[in-house]
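Quick notes on the structure that follows.
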Amino acid sequence: MSEIRVRFAPSPTGPLHIGGLRTALFNYLFAKKNNGTFLVRIEDTDKKREVAGAEDYIFKSLDWCGMKVDEKNPDNSHRQSSRKKLYQAKAKELIKKGMAYYAFDSEQELQRLREENLVNKKIFMYNWKTRKKLKNSLTMSKEEVSSMVGQGKPFVVRFLCPQDKKVDTNDLIRGKGSIDSSIIDDKVLIKADGMPTYHFANVIDDNMMRISHVIRGEEWLPSLALHILLYQAFEWDPPKFAHLPLILNPNGKGKLSKRSADKSGFPVFPLNWKKEKTLGFKESGFLPAALNNYMASLGWTAESGKEIMGMDELIKSFKLENVVSAAANFDFKRLKWVNQKHITKTPDEELFNQVVAFFPKTKTLAKTQALIAINLVKERAETICDFWGLTKYLFYAPETFDENAILRLSKEKILILDQIKRIADGARGKQSLDFAERFLDDCLVWGNKNNIKTAKTMTALRLALVGGLQGIEIKKIVSFIGISEVCSRLEKLQGHIS
Ligand code: GLU
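In structure tokens, the structure reads:
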């Protein structure tokens, strides 16, 4: 197979959405799987839509996800705007070949034509039918055209789209197709500001950057025939194409949008975006490995059926031919499940910094203790943000108690608490390695003797230690906080109910 070179080609028009990030990931996986090159090209030809900080955000997001960019020239030539002259020269080449032309129609004139057509329920197209009646280098004399261009009159360059030509397309995911070129309009290649349009710059760059496979979102599928025609106009071999399936809102209705994500309370951006209120996946406690793993499942499954995979495994098992064309619904619950599996697999030391970043600033904890606590609860954490809620009772006595649970303990609670407090006091002096086990044994033995259900005794104890019915195994809590703390928490609950 010839050299594999793929590119991720975002436009810096805002923060990178999970849809774009998934496109980057599939490009990355495909490149790495085939010992190829992963390029990033910033498609910044639409200066009106450019948003400050977006390019930086894109690179930071890729970096956070561990997608190492192989090619991005230091002289900023990854930006299309730096190659304006090249595209203009390429447009002139096509004009010379008679495959493109200058057009001088003003925006107002075109708007008038659009409106007139609409009255008759028609859509105006600048194409083989209409171009002969419009103001362009096909209808004007050479002298007129040179004088207009010479005087700096505004113009665009349009593609002379052939009429009645069968354009064959081939997509690695969707198979073969064919389109009649007559339905495509004469697309603008160079805009009035001298900048190329997306289509033109995209095709030229893909050729010049020797891109072997164009892997991009399904929304670009309608442009494929035009792109093929442009490759043919230049007599270039087109790359191979793969259009990835859409990512839909959780209910399957419409493309996944920030608006619906905001409503349902989940992020769609990898990182916090200063201008938006929605947090990024990072700030919502997701591990990049989990996000990658989940994103890979949006349109692709491993042949092995394995669901939880790190980047290396994803690379090894990724195959473009296993990507499906059917759209995938975004499933936040599943993403949390995947995240929980990755948290469980991550070494405690690695989790530590991320976890404490979510702890209240006022709480400083000894690292050794925090590491033990992380280990004790990590299987229960769906996100990194969950750790504080899952561990705080290991460090601090509860401030409130679950009143319903207290009620359910009936009047025996006073007796139970008195007794286990007495047992705990007794255990204080004789600390041993298995003190937690002994203490609990003693509590249970007493309960059995006095006809009190084990569940009741344990509930009373849990309420004192945690404040509610949640939490890890009681024995683990007792051995983590120590018997003196057990005594003081029992006393606190006694005080609360008396
Ligand atoms: N700039 C386009 C985008 O933001 C790239 C499309 C392509 O990959 O060809 O989606």
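Numbers 7 to 504, taken from the working numbering, label the letters of the sequence shown in order.
Note that the Cβ used here is the ideal one computed from N, Cα and C, for glycine as well.
_HIS249: first and last residue of the uninterrupted beta strand (DSSP E) it sits in_ = Working through the sequence shown from its first residue, we reach residue 249 at position 243. First-last of the beta strand (DSSP E) with HIS249: 246 to 250.
_I'd like to confirm something about GLY474: is its beta-carbon nearer than 7 Å to some heavy atom of the ligand GLU, or not?_
Translated into positions along the sequence shown, residue 474 becomes position 468. False, no ligand heavy atom lies under 7 Å from that Cβ.
*Quick one: what does DSSP say THR307 is sitting in, helix, strand or coil?*
Residue 307 sits at position 301 when you count from the first residue of the sequence shown. Three-state DSSP puts THR307 in coil, outside helix and strand.
*On the three-state DSSP scale, how would you describe THR406?*
Residue 406 sits at position 400 when you count from the first residue of the sequence shown. Three-state result, THR406: coil.
*In whole angstroms, what separates the C-alpha of ILE321 from that of PHE44?*
Within the sequence shown, the letter at position 315 stands for residue 321. Within the sequence shown, the letter at position 38 stands for residue 44. It is roughly 13 Å from the alpha-carbon of ILE321 to the alpha-carbon of PHE44.
*asked:* The alpha helix (DSSP H) that contains HIS3, what's its start and end?
replied: The question about residue 3 has no answer here: the residues shown for the chain are numbered 7 through 504.
*Locate the beta strand (DSSP E) running through VAL220, then write down its first and last residues.*
As a working mapping, residue 220 is identified with position 214 in the sequence shown. DSSP places VAL220 inside the beta strand (DSSP E), whose first and last residues are 219 to 223.
*Skipping 5 residues on each side, what residues in its chain have a beta carbon closer than 6 Å to that of TRP452?*
Against the sequence shown, residue 452 aligns to sequence position 446. Around TRP452: GLN425.
*Note down the Cα distance separating CYS449 from THR463, rounded to an integer number of angstroms.*
Numbered from its first residue, the sequence shown carries residue 449 at position 443. Numbered from its first residue, the sequence shown carries residue 463 at position 457. Distance between the alpha carbons of CYS449 and THR463 is about 7 Å.
*Identify, in the order they occur along the chain, each residue of the same chain with its Cβ nearer than 7 Å to the Cβ of GLY200, setting aside the five sequence neighbours on each side.*
Taking the sequence shown and counting its residues from 1, the one referred to as residue 200 is at position 194. Correct list, in chain order: LYS90, GLN94.
_Endpoints, the alpha helix (DSSP H) within which LYS482 is located_ = Along the sequence shown, read from residue 1 onward, the residue named residue 482 stands at position 476. Unbroken alpha helix (DSSP H) run through LYS482: 480 to 487.
_In DSSP terms, what THR43 is bridged to_ = Translated into positions along the sequence shown, residue 43 becomes position 37. DSSP, once it has assigned bridges, lists ARG11 as partnering THR43.
*Check whether the Cβ atoms of ALA106 and PHE165 lie closer than 8 Å to each other.*
Here residue 106 refers to the residue found at position 100 when the sequence shown is read from its first residue. Here residue 165 refers to the residue found at position 159 when the sequence shown is read from its first residue. Yes, the pair counts as a contact, with Cβ atoms nearer than the cut-off.
*Grouping DSSP H, G and I as helix and E and B as strand, with all else coil, what is SER323?*
Numbered from its first residue, the sequence shown carries residue 323 at position 317. In the structure shown, SER323 sits in a helix (DSSP, three-state: H, G or I).
*In angstroms, rounded to a whole number, what distance separates the CA positions of ASN257 and LEU285?*
Here residue 257 refers to the residue found at position 251 of the sequence shown. Here residue 285 refers to the residue found at position 279 of the sequence shown. C-alpha separation (whole angstroms): 21 Å.
*From the DSSP output, read off the bridge partner residues of PRO202.*
Taking the first residue of the sequence shown as 1, we reach residue 202 at position 196. ILE196.
*Please classify ASN213: does DSSP put it in a helix, a strand, or coil?*
Residue 213 sits at position 207 when you count from the first residue of the sequence shown. Helix.
*Under the DSSP definition of a beta bridge, which residues are partnered with TYR107?*
By 1-based counting over the sequence shown, the position of residue 107 is 101. Answer by DSSP bridge pairing, in chain order: ARG164.
*Does the stretch 20 to 27 come close enough to the stretch 226 to 237 that 3 or more CB-CB pairs lie under 8 Å?*
Judged by Cβ distances under 8 Å, the stretch 226 to 237 makes no contact with the stretch 20 to 27, as fewer than three pairs qualify.
_Beta carbon of THR29 nearer than 8 Å to that of LEU250_ = By one-based count along the sequence shown, residue 29 stands at place 23. By one-based count along the sequence shown, residue 250 stands at place 244. Yes.
_Beta-carbon proximity of VAL361 to ILE390, cut-off 8 Å_ = The residue you call residue 361 lines up with position 355 of the sequence shown. The residue you call residue 390 lines up with position 384 of the sequence shown. Going by C-beta atoms, VAL361 is nearer than 8 Å to ILE390.
*Simplified DSSP state of GLY432, which is helix, strand or coil*: Against the sequence shown, residue 432 aligns to sequence position 426. Helix.
*asked:* Residues in the same chain with beta-carbon distance under 8 Å from PHE401, minus the five sequence neighbours each way, listed in chain order, please.
replied: Numbered from 1 along the sequence shown, position 395 holds the residue referred to as residue 401. The answer, listed in chain order, is LYS369, LEU371, GLN375, ALA379.
*Sorted by chain position, which residues of the same chain lie with C-beta nearer than 6 Å to SER87's C-beta, five sequence neighbours on each side aside?*
In the sequence shown, counting from the first residue as 1, residue 87 sits at position 81. Within the same chain, SER87 has close Cβ partners ASP50.
*Thinking C-beta only, is ALA334 closer than 8 Å to LEU304?*
For the purposes of this step, residue 304 is identified with residue 298 of the sequence shown, where counting begins at 1. For the purposes of this step, residue 334 is identified with residue 328 of the sequence shown, where counting begins at 1. Yes, Cβ-Cβ distance for LEU304 and ALA334 is below 8 Å.
*Alpha-carbon to alpha-carbon, PHE36 and VAL220*: Here residue 220 refers to the residue found at position 214 of the sequence shown. Here residue 36 refers to the residue found at position 30 of the sequence shown. Computed Cα separation, rounded: 11 Å.
*Going by other Cβ atoms of all chains shown within 10 Å of its Cβ, with 16 needed for buried, is PRO9 buried or exposed?*
Position 3 of the sequence shown, counted from the start, is the residue given in the question as residue 9. One point to set straight first is that residue 9 is Glu, not Pro, in the sequence displayed. That one is exposed.
*Just how far apart, CA to CA, sit LYS148 and GLU61?*
For this step, residue 148 is matched to residue 142 along the sequence shown. For this step, residue 61 is matched to residue 55 along the sequence shown. Roughly 42 Å between the two C-alpha positions.
*Near ILE253, what residues of its chain come up, given a Cβ to Cβ distance below 6 Å and the 5 sequence neighbours on each side ignored?*
Residue 253 sits at position 247 when you count from the first residue of the sequence shown. Cβ neighbours of ILE253 beyond the five flanking positions: GLY25, LEU262, LEU304, ALA334, PHE336.
*Count the CB pairs spanning the stretch 159 to 176 and the stretch 102 to 118 that are closer than 8 Å, and state whether there are at least three.*
yes
*So which of TRP242, LYS398, CYS71, ILE190 has the shortest CA-CA distance to PRO228?*
To locate residue 228, count along the sequence shown from 1; it is residue 222. The shortest C-alpha separation from PRO228 is found at ILE190.
_Residue burial classification, LYS427 (beta-carbon count within 10 angstroms, cutoff 16)_ = Stepping through the sequence shown from its first residue, residue 427 is reached at position 421. Buried, because 16 or more other Cβ atoms sit within 10 Å of the Cβ of LYS427.
*Locate the alpha helix (DSSP H) running through ASP170, then write down its first and last residues.*
In the sequence shown, counting from the first residue as 1, residue 170 sits at position 164. Unbroken run through ASP170: none, as it is neither H nor E.
*asked:* Helix, strand or coil, according to DSSP, for ASN457 in the structure here?
replied: Here residue 457 is taken as the residue at index 451 of the sequence shown, counted from 1. Residue state, collapsed to three classes: coil.
*Buried or exposed: where does GLU224 fall if 16 or more other Cβ atoms within 10 Å of its Cβ makes it buried?*
Sequence index remark: in the sequence shown, residue 224 carries index 218 (1-based). Its Cβ being crowded by 16 or more others within 10 Å, GLU224 is buried.
*Kindly indicate the opening and closing residues of the alpha helix (DSSP H) around LYS269.*
As a first step, residue 269 must be located in the sequence shown, where it is residue number 263. Where LYS269 is concerned, the enclosing alpha helix (DSSP H) stretches over 264 to 270.
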